[in-house]
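Number of protein chains: 2
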Amino acid sequence: MAKTHTAQPRNTKQKDAMRSAFHLANRPLSPEEVLEAVREEVFGISLATVYRNINAFMEDEWLTTVEIPGQPARYEVAGKEHHHHFQCTACGKLYELEGCTFHGKTKLPRGFLATSHEYFVYGVCADCRS
Amino acid sequence: MAKTHTAQPRNTKQKDAMRSAFHLANRPLSPEEVLEAVREEVFGISLATVYRNINAFMEDEWLTTVEIPGQPARYEVAGKEHHHHFQCTACGKLYELEGCTFHGKTKLPRGFLATSHEYFVYGVCADCRS
DNA sequence: ATCGTTGCAAACTCTTTGCAGGATT
DNA sequence: AATCCTGCAAAGAGTTTGCAACGAT
Numbered sequence: 001m002a003k004t005h006t007a008q009p010r011n012t013k014q015k016d017a018m019r020s021a022f023h024l025a026n027r028p029l030s031p032e033e034v035l036e037a038v039r040e041e042v043f044g045i046s047l048a049t050v051y052r053n054i055n056a057f058m059e060d061e062w063l064t065t066v067e068i069p070g071q072p073a074r075y076e077v078a079g080k081e082h083h084h085h086f087q088c089t090a091c092g093k094l095y096e097l098e099g100c101t102f103h104g105k106t107k108l109p110r111g112f113l114a115t116s117h118e119y120f121v122y123g124v125c126a127d128c129r130s
Numbered sequence: 001m002a003k004t005h006t007a008q009p010r011n012t013k014q015k016d017a018m019r020s021a022f023h024l025a026n027r028p029l030s031p032e033e034v035l036e037a038v039r040e041e042v043f044g045i046s047l048a049t050v051y052r053n054i055n056a057f058m059e060d061e062w063l064t065t066v067e068i069p070g071q072p073a074r075y076e077v078a079g080k081e082h083h084h085h086f087q088c089t090a091c092g093k094l095y096e097l098e099g100c101t102f103h104g105k106t107k108l109p110r111g112f113l114a115t116s117h118e119y120f121v122y123g124v125c126a127d128c129r130s
């Protein structure tokens, strides 16, 4: 027997603060970065809540995951067009790159079929260079 | 006061089996994959030993890390020329791609400096397609 | 006989989950 | 008032480490 209606999400200051944090940052954030950003506004917010809400936002498709090699995932506001990322090796921050400048057709072993790709650029960001 | 001599590494069947596993696989292996491959030869080998020896091999620069977005690292025999990797989304295996076909100069935000890049292709490998 | 190496179990980090109290509608 | 959400603490996954026994030299 099915439930009559689905869960009604509620607005909380924790969620609001997290939404603001993502808008303000304008770059992919790790759970820890979210926690830091949000702590100023919502004292005592727990990391568990950050994770839970990140996952909720992903179910809502308001956030998407940005997985980086060898590091905890970052999350960014969903719906942007295909793009890749830049990571500063000095401060560790992840930045969004415009568009996808990758056009070459990669040579694959015989019988392999490509369906997607990921591309990361590493270097130093403007803040860390100045 | 400095030690008179450095540690003398010893050959063990565990290390030998691990070296063979990497040579035979001819693709980057995760610690779990190494464990599986080696178990047939060395019954009772522990995951801790696999990790310890992987780290030792990396200090010897015989292995290098291959970090993949959102997954445990793989390791491959060091000293190969610049190349990238393909991951099969069906079986999860990682394969080496020949050379680097990436030539485009990526447009970075003002003031950013690029020093390196990573590139991953995802798809289905020949084994999983047949 | 040394002393590097191993297996086991405990410790650690990152992330998820159970639960009881607190907050939103 | 109903029930969603939160904080805390415990539980899981992946990796590292302490320790006593083992084994290569």
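Top to bottom, those sequences are chains A and B. If you read the first sequence in this note's numbering, its first letter stands for residue 1, the second for the next number, and so on. If you read the second sequence in this note's numbering, its first letter stands for residue 1, the second for the next number, and so on. Note that beta-carbon positions come from the ideal geometry of N, C-alpha and C, so glycine has one too. Keep in mind it's a predicted model, so treat the numbers as computed, not measured.
Three-state class that DSSP yields for residue i in the structure shown
| i | result |
| --- | --- |
| Phe86 (chain A) | strand |
| Leu24 (chain A) | helix |
| Ala114 (chain B) | strand |
| Glu36 (chain A) | helix |
| Leu47 (chain A) | helix |
| Glu41 (chain A) | coil |
| Glu98 (chain A) | coil |
| Cys125 (chain A) | coil |
| Lys3 (chain B) | Residue placement at Lys3 (chain B) is poorly supported in this model, since its pLDDT is 48, which falls under 50; the coordinates still yield a value, given next. In the structure shown, Lys3 (chain B) sits in coil (DSSP, three-state: anything other than H, G, I, E or B). |
| Gln14 (chain B) | helix |
Residues that DSSP places opposite residue i in a beta bridge
| i | result |
| --- | --- |
| Gln71 (chain B) | B:Ile68 |
| Glu76 (chain B) | B:Thr64 |
| Leu29 (chain B) | B:Tyr75 |
| Phe120 (chain B) | A:Glu118, B:His85 |
CA nearest to the CA of residue i, picked from the options
| i | options | result |
| --- | --- | --- |
| Val124 (chain B) | A:Gln87, A:Tyr122, A:Thr115 | A:Thr115 |
| Cys88 (chain B) | A:Glu118, A:Glu32, A:Leu113, A:Met18 | A:Leu113 |
| Thr49 (chain B) | B:Pro31, B:Gly111, B:Glu61, B:Thr64 | B:Pro31 |
| Ala90 (chain B) | B:Gly44, B:Ser130, B:Glu41, B:Gln8 | B:Ser130 |
| Val121 (chain B) | B:Pro9, B:Glu61, B:Ile68 | B:Ile68 |
| Arg19 (chain A) | A:Ala78, A:Pro72, A:Gln8 | A:Ala78 |
| His85 (chain A) | A:Ala21, A:Thr6, A:Pro28 | A:Pro28 |
| Ala25 (chain A) | A:Pro9, A:Lys107, A:Lys93 | A:Lys93 |
| Cys100 (chain A) | A:Glu118, A:Lys107, A:Tyr75, A:Ile45 | A:Glu118 |
| Leu108 (chain B) | A:Leu108, A:Glu96, A:Lys107, A:Lys105 | A:Glu96 |
| Ala10 (chain B) | B:Asn53, B:Lys105, B:Glu41 | Here the sequence assigns Arg to residue 10 (chain B), which means Ala is not the residue at that position. For the residues B:Asn53, B:Lys105, B:Glu41, the minimum Cα distance to Arg10 (chain B) belongs to B:Asn53. |
| Asp60 (chain B) | B:Thr106, B:Lys15, B:Glu41, B:Asp127 | B:Lys15 |
| His82 (chain B) | B:Val66, B:Val38, B:Pro72, B:Arg74 | B:Val66 |
| Glu41 (chain B) | B:Thr12, B:Ala7, B:Thr6 | B:Thr12 |
| Ala21 (chain A) | A:Arg39, A:Ala7, A:Thr6 | A:Arg39 |
| Glu33 (chain B) | B:Met58, B:Lys80, B:Pro72 | B:Pro72 |
| Met58 (chain B) | B:Phe43, B:Gly44, B:Tyr75, B:Leu47 | B:Tyr75 |
Residue i, buried or exposed, once every other Cβ within 10 Å from all chains shown has been counted against 16
| i | result |
| --- | --- |
| Tyr51 (chain A) | exposed |
| Arg110 (chain B) | exposed |
| Leu63 (chain B) | buried |
| Asn55 (chain A) | exposed |
| Ala17 (chain A) | buried |
| Thr106 (chain B) | buried |
Within 8 angstroms of chain B by C-beta, residues of the stretch 11–36 of chain A in sequence order:
Along the stretch 11–36 of chain A, there is no position whose C-beta sits under 8 angstroms from a C-beta of chain B.
Compile a chain-ordered list of the residues in the stretch 103–115 of chain B whose CB is closer than 8 angstroms to at least one CB of chain A.
Answer set for the stretch 103–115 of chain B: His103, Gly104, Lys105, Thr106, Lys107, Leu108, Pro109, Arg110, Gly111, Phe112, Leu113, Ala114, Thr115.
Going along the chain, which residues of the stretch 52–79 of chain B sit with their C-beta nearer than 9 angstroms to a C-beta in chain A?
If the cut-off is 9 angstroms between Cβ atoms, the stretch 52–79 of chain B has Thr65, Val66, Glu67, Ile68, Pro69, Gly70, Gln71, Ala73 near chain A.
Can you list, in chain order, the residues of the stretch 80–95 of chain A whose Cβ is nearer than 9 angstroms to any Cβ on chain B?
Along the stretch 80–95 of chain A, the positions whose C-beta sits under 9 angstroms from a C-beta of chain B are His84, Phe86, Cys88, Thr89, Tyr95, read in chain order.
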